Amino acid sequence: MDAAVKPQGCTNLKLRQLMRRVAAHYDAEVGKTGLKGTQYSLLSYVAKLGPIRPVDLAREMGIQPSTLTRNLRPLLDAGLAELGPGADQRSRLVSVTAAGRDKRLEAQRRWRIAQERINEMLGPRRVVELHALIDDCMERLADDAS
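Residue numbers for the sequence shown follow full-length UniProt numbering, beginning at 1 and rising by one.
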């Protein structure tokens, strides 16, 4: 570690503060469709990967199956996603309904507005640098995710 550089403050707190601010920005725009940002993200994953077993979807998204179940429930209740039969009687597959595809397109337009605004506020170069830094940090911390 460079002796001249000594980090101050809590990295966890700083990242959570940034995440809350960024999430609020996206939620404000995507929320105009009636979806939360997390719901839009989940709907997008299901649209891209589905029909898919919930356990596989959770793995692809990097979340716990219980978190997926909790986040999926409102989409199922709203008729935006559905659970259908899987390969055997015990398994189920989640997929997007026609209404879900329409809602996702509507939310995607709002997400794009939010993304363009973030790019504008931070500057495109800073956004690219931030993405690279996050990716690098994720890779470095991958083995420590216990």
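Each residue gets a CB set at the ideal place from its N, CA and C atoms; glycine is no exception. Note that the structure is a prediction, hence the values are computed from the model and not measured.
*Between which two residues does the alpha helix (DSSP H) carrying residue 54 extend?*
Per DSSP, the continuous alpha helix (DSSP H) segment holding residue 54 begins and ends at 54-61.
*Roughly how far, in whole angstroms, is the beta-carbon of residue 99 from the beta-carbon of residue 80, given that I think they are within contact range, below 8 Å?*
Correct: roughly 6 Å between the Cβ atoms.
*Would you be able to state if there are at least three C-beta pairs under 8 Å between the stretch 63-72 and the stretch 110-123?*
With the cut-off at 8 Å, the stretch 110-123 and the stretch 63-72 do not touch.
*Only counting runs of 3 or more residues, tell me where the beta strand (DSSP E) segments fall wholly within the stretch 79-112, in order along the chain.*
Every beta strand (DSSP E) of 3 residues or more that sits fully in the stretch 79-112 is shown, in chain order, as 81-85 and 92-96.
*Output the boundary residues of the alpha helix (DSSP H) element that contains residue 124.*
Start and end: 124-141.
*Please determine, among 93, 88, 63 and 60, the residue with the shortest C-alpha to C-alpha distance to residue 76.*
The shortest C-alpha separation from residue 76 is found at 93.
*Ends of the alpha helix (DSSP H) at residue 30?*
First-last of the alpha helix (DSSP H) with residue 30: 11-30.
*residue 34 and residue 23: beta carbons closer than 8 Å?*
For the pair residue 34 and residue 23, the CB atoms are not nearer than the 8 Å cut-off.
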